[in-house]
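Line by line, the protein sequences give chains Z and A.
Just so we're aligned: 430 in full-length UniProt numbering is position 430 of the first sequence, and the numbers increase by one with no gaps anywhere.
Just so we're aligned: 151 in full-length UniProt numbering is position 151 of the second sequence, and the numbers increase by one with no gaps anywhere.
Think of the CB as a built atom: it goes at the ideal place given N, C-alpha and C, for glycine as much as any other residue.
Number of protein chains: 2
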Amino acid sequence: MSKAGGDEGGDGGSGETSQQPEDKVPAVSKLSGAAIGPGWTKVSCPCCVSERVEPLVLVKLGGKVRPETKRWLIRLIGAPQKDGGAALLAHPGEDASGDIIVVSAPRCTLLRATEELGLCKTYSNDNMEAFSYNDRDNFKDSDNMEVFLTLAERQYIVKYELDGLRAQRDLRVPGLSDSDALQHRDNIWQKLGSAGVIVDTLPLHDPDKLKDLSEAWYSGNQLAQPLDSVNGYFGSSVAFYFSFLDFYTWSLLPPAILGLTIAYFSGEVQKDMDKSVSGSQVEAVDSDSGPAVGGHMIQAVFSMIWSTVVMEMWKRRSASLSYRWGTLHLAERFAEPRPGFHGEVGVNPVTGRVEPLFPEWQRELRMALVSVPVVGLFLGMVVLGMLCFYWGEAQVKELHQDWDSMLSQTLIYMPSVLHIVYTNMLATVYKKVAQSLTEYENHREESAFQNHLTAKVLVFTFFNYFAVLFHIAFFKQDVPLLRKRLASLLIVTQLVNQVTEVVIPFLVDRFISAPHRTEHKDDPQEDKFRNQSTLPAFPGLFAEYIELLVQFGYLSLFSCVYPLTAVLLLINNLTEIRSDAYKMCKLFRKPFSPPVANMGVWQIAFEVLSFVSVVSNCWLLLLSPWLQARFQEGGMSSTNILLLAVLVEHVLILVKVILAVLIPDEPDWIRKKREHIEYTSMQALRQQKLQPEES
Amino acid sequence: MSKAGGDEGGDGGSGETSQQPEDKVPAVSKLSGAAIGPGWTKVSCPCCVSERVEPLVLVKLGGKVRPETKRWLIRLIGAPQKDGGAALLAHPGEDASGDIIVVSAPRCTLLRATEELGLCKTYSNDNMEAFSYNDRDNFKDSDNMEVFLTLAERQYIVKYELDGLRAQRDLRVPGLSDSDALQHRDNIWQKLGSAGVIVDTLPLHDPDKLKDLSEAWYSGNQLAQPLDSVNGYFGSSVAFYFSFLDFYTWSLLPPAILGLTIAYFSGEVQKDMDKSVSGSQVEAVDSDSGPAVGGHMIQAVFSMIWSTVVMEMWKRRSASLSYRWGTLHLAERFAEPRPGFHGEVGVNPVTGRVEPLFPEWQRELRMALVSVPVVGLFLGMVVLGMLCFYWGEAQVKELHQDWDSMLSQTLIYMPSVLHIVYTNMLATVYKKVAQSLTEYENHREESAFQNHLTAKVLVFTFFNYFAVLFHIAFFKQDVPLLRKRLASLLIVTQLVNQVTEVVIPFLVDRFISAPHRTEHKDDPQEDKFRNQSTLPAFPGLFAEYIELLVQFGYLSLFSCVYPLTAVLLLINNLTEIRSDAYKMCKLFRKPFSPPVANMGVWQIAFEVLSFVSVVSNCWLLLLSPWLQARFQEGGMSSTNILLLAVLVEHVLILVKVILAVLIPDEPDWIRKKREHIEYTSMQALRQQKLQPEES
């Protein structure tokens, strides 16, 4: 049996761990108090010994994993870092040969990782400061891990340590064939995953905390979300989504009130429209974009300015939250590269550590020469599909007019069906391609990887959603059709999302999975853990964010037509908060959530959309027949109307740019804190240079 | 006789200085070797004693200053900082009661100020690192001030220390009336200036270095400028101007080559135009914007993309220069506030020092409620003046047609003359108003003050230059008139600038001032210094930068009409470099030049102009009759042409935005160095927290 990492130093510090056979009953602790077979691995440092060990993460092993492999893995997890281990605590579960390992983390490992990740914690002077292991005693609560770090942070640190395991030299894993042998600097967790040893790594729910959280979150009639608890339980990336949802929902109030006011005052025009709906087609089309365009222009201009102000205010809110949650100074750039990163081993010029290096220009070259063309190709295929759809539709209509039979009647739906199938297939293929492309780009940081992946999928999804709409708006120039399309798309999307995301999982959970998973109080702890792994994996926040983005796009694009869009979205989002919260808590496995300082690429997506909306809004207003009629009454030529629209557009964009520049991205008090930290680090750097001389 | 600052500690450390009467012949050194009366004040720290003291700065006193005031001032300059002095070296000049004081700086004062300003210097590992006084021995050449700091830096530090002198308690200046008594925390240099004691503070030329520099800069036929020497002698703000001038001039090569090519290939069209010039007026107008519009469109699109690429590349070059000149990490924010800053005394939350504080929101309020409306008012007055001019011109023309007499003939020039007088008066008043407004805004840092002042004057000047042009382009829509106006404006401006900036000062210098200033080798050093103070003060770089900006605007605005603009500008700029260099070296006093990390607000001005040019170019192309004729041949309606222009404009702006985002603002190697510094400061901060425990 071989131990991961250099055996040279192994007998020193890690002696305890490596000499402990798994069948000895350990003195330290048990799996949550229940007396079950073999216990936790021993901790290697005396300060970390504690009475209670909290199970944090469940590692599910493959069915065919042999006991010696499991023993080796447990020992690896428990071994100190200098011996290539993860310095965590492992528990083999009730049955030593069972297919799970429960992992926890001792205090020292947690604290060191907190420093490495660059998390900020409350210092003795009540400021949030970047945690320093050496200075741990000056941070509040640093002796009680369950208060000092949130559950999400503790679990993420366990995953971070496991993911970071690298073979310190070539070695053979006991119980595995030679083809799965590890080579020097191989990522162990990835390798074991592809060898089928590790099936899954998942964070465990804490039933008591979950109960408290769900009561405060969605059970009552409360309007405010318990965002700090969400951050504590689910981590900052989830908490940022819910904070944004919250912020965005409440910021819908001003446009909703304005919309209601305008709808009230334009009641008479509304009645006119109601009449004309029963009138001729031409009249209906005319008034379709007609109701109180004057009021709607006010609303359009208001909502264009509003969207910039909201996004700028959100940036400030986001900075405050990030400070509050201690993620303002994340040091991901300075930490170890992400597991999938590869490159020539060399000295990192920034940190001076030996690690794989990959030149920036090569990454940029790959993006420019591979990623961009491939993404462009797929976008082209979306357009191609759309054109084929229009062509096919025209052909089939012609055919139907010529023949007019049952066959041609059914044929008329063919193009739509084919288009939907084509689009879905394309989306599925694209997602895989985007994943491979982003992996090929070889980003060093996990956040960079995620941002580039999200950006790729986002561009495609958005294009997929909106290509048809832009086609209708800019080429067909058919506002009523556009409005119908958008409305149906929005409603269908919202409904489909609610059904696929909440209702189906809920039904599956209630009637199919749950009966197999009924928990009794006296069930062994292990079974409860195992139950959690049967829940479907959390699909990530992409679908949630894109839903908001499409909403936001709808609101910006159509602010000039429906006065009540904001009101409807406000109501929708109030239910959305609850259903999303329910989903997070009950229907899916708990996800790992890395600490993040903001919404990442979504922030940019919303800002870009807010600028694009000016162009589209001005264009749509221009198309409105009501407006054109008014202008022509005033004796303006269509060229002059166009010029006026262009002028208005430029002024609006200018105003938005000026607003975006003028509103600072962080509140004044955060700027002061940040500058104070910069100042003290500058001073510290000067002091430090002196140290070698003095000491 | 009272000494500035607390007398309590005065007898300790500053004993030497304060006990030295000015009539004792000092042992330390003389004014550049010449044996002249009383000598330099003694240095207070042993490591700063040096054989040679370099005269750096000349302080000119008022004619009526009494000897005791001068003695008090010399003692103040020489006193250590803890006693409220400037810790510099002062020399009363040949005649102890004369009207000059020559100031130099000892090593320790220079080094401490270098740290305070955040200048970077070469470390022992050949990297540029922020200088740290405690770690001075590890910096290269830190024992030889004339190599370690540039002349410009040494002189700026002297000014910085003199400007920073504040009264440590209420005191009466000997020889002055009670009304000029200093109060606690009063800025001494400002107060003495307004009391008429100090007339001027100017840095001294170094004749040998100046000779070397001018030979390398403009005497020969060399193409490259000695930018490092310029930075060393004149300081980084001047060096940045010349670097930008250099970079911009060379980057004119691609558009110049393209322009020449297009001009060559469109030779035939050119001939057509030559013919038509002798033809009818209508034809001339037609072909006026006609020559090879196809080629010119290529050039217009090229130059719109080119301007963004050039500005992005300049940012990178600027970052490299800033690293090279050690100004990448200026710590102005963390240093003492600028002399004119006032506010409630309190603890700075960033640095923890006691100093005047002024809340940010109050400054923003002042900007929003006072500065912006006042600037807007002046811009409105420019527009009003322009409208009055047009109205007056129309009136006068009518009058002339009615009467047609000599009187009405002269009257016809009245509107232009009045307009020019009005514009000039407005500009003069505005400059004073802008100065007061910026002072009222109460900026903490000198650079912020300068940037806000420059921005105000810049907006006004630019508006003043271009309001008429925009009026012609967008309202009159008269391209030939616009072109004539622009061409004459540019040529007139260039000529007037060259004359007022170079020729007149040169003539004045040669024939009026110089005869009184002929220097002989055996003249006393002091007279040479005094001679320098008779040169006119350097008027600052504003006029130089605005000249470039107008050029740049001309190139962007008119790239679609003249193919040879870039060629002409290239030639003009090659002479401009020399004439500006000559001017700097010979015709003006040497200016103090604060260390800066970039061009400040000018950078933004050029970038904004580069975006505005897209709008104006697309508009001008649209107006071109040639293009309209071609499109109408192709059967496009004017609305569709307009739509096409708007589309092209949006695409170009999008391309420019993408380019600006994609091209990183700093070269990769600088990013790595910066991140390395961030990493080491983070580490140092963690280490430092530990110090109190260990030591």
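Exercise for review: Could you tell me which residues DSSP puts in a beta bridge with A90(Z)?
Suggested key: Within the first sequence, residue 90(Z) is the residue found at index 90, counting from 1. DSSP output for A90(Z) lists V103(Z) as bridge partner(s).
Review point. Residues of chain Z with CB under 9 Å from L609(A), in chain order?
Key: By 1-based counting over the second sequence, the position of residue 609(A) is 609. Within chain Z, no C-beta atom comes less than 9 Å from the C-beta of L609(A); the nearest is roughly 14 Å away.
Review point. Name the residues in the region 660 to 672 of chain Z whose C-beta lies less than 8 Å from a C-beta of chain A; which are they?
Key: Answer in chain order: D668, K672.
Check your understanding: Based on Cα-Cα distance, which residue from H650(Z), L622(Z), S194(Z), T438(Z) lies nearest to residue 697(Z)?
Key -> Outside the displayed range of chain Z (1 to 695) lies residue 697(Z), so it cannot be described from this structure.
Exercise for review: Answer with yes or no whether the minimum CB distance from T351(Z) to chain A is below 8 Å.
Suggested key: Numbered from its first residue, the first sequence carries residue 351(Z) at position 351. Yes - at least one Cβ of chain A is within 8 Å of the one on T351(Z).
Point to revise | Identity of the residue in N125(Z), T150(Z), G376(Z), Q222(Z) nearest N138(Z) by Cα | key: Start at 1 with the first residue of the first sequence, and residue 138(Z) comes out as number 138. The option with the nearest alpha carbon to N138(Z) is N125(Z).
Check your understanding: Could you give the C-beta distance for A105(A) and R154(A), rounded to a whole number, given that I count them as a contact under 8 Å?
Key -> Residue mapping note: residue 105(A) aligns to position 105 of the second sequence, counting from 1. Residue mapping note: residue 154(A) aligns to position 154 of the second sequence, counting from 1. Their Cβ separation, rounded to whole angstroms, is 6 Å, which keeps A105(A) and R154(A) in contact under 8 Å.
Exercise for review: Give the DSSP-derived three-state secondary structure of E355(Z) in the structure shown.
Suggested key: Position 355 of the first sequence, counted from the start, is the residue given in the question as residue 355(Z). Here E355(Z) sits in strand by DSSP.
Point to revise | Validate contact between the region 42 to 56 of chain Z and the region 93 to 108 of chain Z using beta carbons, cut 8 Å, 3 pairs | key: yes
Review point. Does R52(A) come within less than 8 Å of chain Z when only Cβ atoms are used?
Key: For the purposes of this step, residue 52(A) is taken as residue 52 along the second sequence, with counting starting at 1. With 8 Å as the cut-off, R52(A) does not count as an interface residue toward chain Z.
**Study point:** Rounded C-alpha distance that separates V43(Z) from L89(Z)
**Key:** Counted from its first residue, the first sequence places residue 43(Z) at position 43. Counted from its first residue, the first sequence places residue 89(Z) at position 89. One C-alpha to the other measures close to 7 Å.
Review point. Any idea what DSSP makes of Y123(A), helix, strand or coil?
Key: Sequence index remark: in the second sequence, residue 123(A) carries index 123 (1-based). Of the three classes helix, strand and coil, the one that applies to Y123(A) here is strand, per DSSP.
Review point. How would you list, in chain order, the residues of chain Z whose beta-carbon sits under 7 Å from the beta-carbon of V646(A)?
Key: On the second sequence, position 646 is the one that residue 646(A) refers to. Those within 7 Å of V646(A) in chain Z are V646.
Check your understanding: In terms of residues, what are the limits of the alpha helix (DSSP H) holding D163(A)?
Key -> Numbered from its first residue, the second sequence carries residue 163(A) at position 163. Run containing D163(A): 151 to 163, per the alpha helix (DSSP H) assignment.
Review point. If you measure beta-carbon to beta-carbon, which residues of the region 327 to 339 of chain Z are closer than 9 Å to chain A?
Key: Answer set for the region 327 to 339 of chain Z: H329, A331, R333, F334.
Review point. V615(A) touches chain Z at which residues, Cβ-Cβ below 8 Å?
Key: Looking up residue 615(A) in the second sequence gives position 615. Here the neighbours are H650.
Check your understanding: Rounded to the nearest angstrom, how far is the Cβ of V197(Z) from that of T69(Z), given a contact under 8 Å?
Key -> In the first sequence, residue 197(Z) corresponds to position 197, counting from 1. In the first sequence, residue 69(Z) corresponds to position 69, counting from 1. Confirmed, Cβ separation roughly 6 Å.
Exercise for review: For S681(Z), name the three-state secondary structure that DSSP assigns.
Suggested key: Residue numbering aside, residue 681(Z) sits at position 681 when the first sequence is read from its first letter. Helix, per DSSP.
Exercise for review: Would you mind working out which of L387(A), T454(A), Q190(A) sits nearest Y422(A), comparing C-alpha positions?
Suggested key: Taking the first residue of the second sequence as position 1, residue 422(A) is located at position 422. With distances taken between Cα atoms, Y422(A) lies closest to L387(A).
Review point. If you measure beta-carbon to beta-carbon, which residues of the region 672 to 683 of chain A are closer than 7 Å to chain Z?
Key: K672, E675, H676, Y679, T680, S681, M682
Check your understanding: Are the beta-carbon atoms belonging to F240(Z) and M599(Z) less than 8 Å from one another?
Key -> On the first sequence, residue 240(Z) is found 240 positions in, with the first residue counted as 1. On the first sequence, residue 599(Z) is found 599 positions in, with the first residue counted as 1. Yes.
Exercise for review: Output the boundary residues of the alpha helix (DSSP H) element that contains T261(Z).
Suggested key: For the purposes of this step, residue 261(Z) is identified with residue 261 of the first sequence, where counting begins at 1. Where T261(Z) is concerned, the enclosing alpha helix (DSSP H) stretches over 253 to 265.
Check your understanding: Excluding sequence positions up to five away, which residues of its chain have a Cβ less than 7 Å from the Cβ of W306(Z)?
Key -> The residue labelled residue 306(Z) in the question sits at position 306 within the first sequence. Contacts found: P254, P255.
Review point. Looking at C-alpha atoms only, which residue of W361(Z), V651(Z), E675(Z), V567(Z) is the closest neighbour of I262(Z)?
Key: Here residue 262(Z) corresponds to residue number 262 of the first sequence, with the count starting at 1. Among W361(Z), V651(Z), E675(Z), V567(Z), the Cα nearest to that of I262(Z) belongs to V567(Z).
Point to revise | Helix, strand or coil at D83(A) [DSSP, three-state] | key: By 1-based counting over the second sequence, the position of residue 83(A) is 83. D83(A) falls in the helix class under three-state DSSP.
Review point. Comparing the C-beta of E360(Z) with each C-beta of chain A, is any distance below 8 Å?
Key: As a first step, residue 360(Z) must be located in the first sequence, where it is residue number 360. For E360(Z), the answer is yes, since a Cβ of chain A falls inside 8 Å of its Cβ.
**Study point:** 8 Å contact criterion, which Y233(A) and A152(A) should meet: CB distance rounded
**Key:** Counted from its first residue, the second sequence places residue 233(A) at position 233. Counted from its first residue, the second sequence places residue 152(A) at position 152. Right, their Cβ atoms sit about 6 Å apart.
Point to revise | Positions along the region 621 to 638 of chain A whose CB lies within less than 8 Å of some CB in chain Z | key: S638
Exercise for review: Kindly say whether A130(Z), judged by its beta-carbon, lies nearer than 8 Å to any beta-carbon of chain A.
Suggested key: By one-based count along the first sequence, residue 130(Z) stands at place 130. Chain A, which has a Cβ nearer than 8 Å to the Cβ of A130(Z), makes this yes.
Practice item. Name the two residues that bound the continuous beta strand (DSSP E) containing E129(A). Key: If you number the second sequence from 1, residue 129(A) lands on position 129. For E129(A), the enclosing beta strand (DSSP E) starts and ends at 128 to 130.
Review point. Should L642(A) be flagged as near chain Z, meaning a C-beta pair shorter than 8 Å?
Key: On the second sequence, residue 642(A) is found 642 positions in, with the first residue counted as 1. At least one chain Z Cβ lies under 8 Å of L642(A).
Exercise for review: Give the straight-line distance between the Cα atoms of G98(A) and Q687(A), rounded to the nearest whole angstrom.
Suggested key: On the second sequence, residue 98(A) is found 98 positions in, with the first residue counted as 1. On the second sequence, residue 687(A) is found 687 positions in, with the first residue counted as 1. Going by the C-alpha atoms only, they are around 55 Å apart.
Exercise for review: Mind checking which residues open and close the beta strand (DSSP E) that includes L61(Z)?
Suggested key: If you number the first sequence from 1, residue 61(Z) lands on position 61. From DSSP, the beta strand (DSSP E) with L61(Z) extends over 57 to 61.
Check your understanding: Contact check, residue 708(Z) vs L252(Z) under 8 Å by CB: the rounded distance?
Key -> An answer regarding residue 708(Z) cannot be provided, because it is not within the stretch 1 to 695 covered by chain Z.
Point to revise | Spatially closest choice to D186(A) from R172(A), V370(A), A473(A), by CA coordinates | key: For the purposes of this step, residue 186(A) is taken as the residue at position 186 of the second sequence. Cα-wise, what sits closest to D186(A) is R172(A).
Practice item. Provide the residue(s) that pair with P203(Z) in DSSP beta bridges, ordered along the chain. Key: For the purposes of this step, residue 203(Z) is taken as residue 203 along the first sequence, with counting starting at 1. BP columns for P203(Z) point to V57(Z).
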